[in-house]
Amino acid sequence: MSMLFLASGSPRRAEILKNFNIAFEIIPSTIEEKIYEGETPEQIVMALALEKANSIVSQCNEDDLIIAADTVVVKGSILGKPRNYDEAYSMLKHLENDVHEVITGLAVIQVGTLNKIVTFERTRVKFKPLSDVKIQRYIDSGEVWDKAGSYAIQGKGSAMIEWISGDYFNVVGLPINKLDDILSNHFDIELI
């Protein structure tokens, strides 16, 4: 019997999948997330998602299915995960009172076959104006760490959002509408 694996250490991605009628196991990917110069954000997230999926193939059986994703925030340039307080502050200041995009690469591969779907989803997000004090308090909450763009829309960061256009779950890290279409149309798996 085939298994479904999520190649991610992200608790947010696992939480999204747990909402659906689907059994899965987690095998965290340990790849180094590199951003290559000259590639578009879409190319980068798709390549990283595929690399994450491929990194756990050896731990799976021939008929297993692997899901992997990678998310970046883009406003002029790619904003990854902050490495320190100053980076987090700079990112949030850059995003405040403006629109940015959240782009997630999604890879679904069937081990032992050439059946491989790699795509991306884009969501637009508008931040409210933020005071320096509000930015500092948000960073001090600890929620900025391990988050592309230094914020979590599903947590305290939601108070900074004016509106979104697109898949909310894409901003959290797993574009569930696109994943549902892929699983249903290509692998005969229904989330609901």
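Terminal number for the sequence shown in the numbering used here: 196, no gaps in between.
Backbone N, C-alpha and C define an ideal beta-carbon position, used for all residues, glycine too.
Distance from the CA of Asp67 to the CA of His98, rounded to the nearest whole angstrom, comes to 45 Å. Between Ser162 and Met7, the alpha-carbon positions lie close to 34 Å from each other.
The beta carbon of Asn25 sits closer than 6 Å to none of the beta carbons in its chain outside the five residues before and after it.
Cβ-Cβ distances below 7 Å link Arg17 to Leu10, Ala73, Gly177, Leu178 in the same chain, with the five nearest sequence neighbours on each side left out; the list follows chain order. Shown here, Lys38 sits in coil according to DSSP, grouped into three states, outside any helix or strand. The three-state reading of DSSP puts Glu166 in strand, counting E and B together. Straight through space, the alpha carbons of Met50 and Ile107 are spaced by roughly 10 Å.
Boundaries of the alpha helix (DSSP H) harbouring Ile186: 180-191, taken from the DSSP string.
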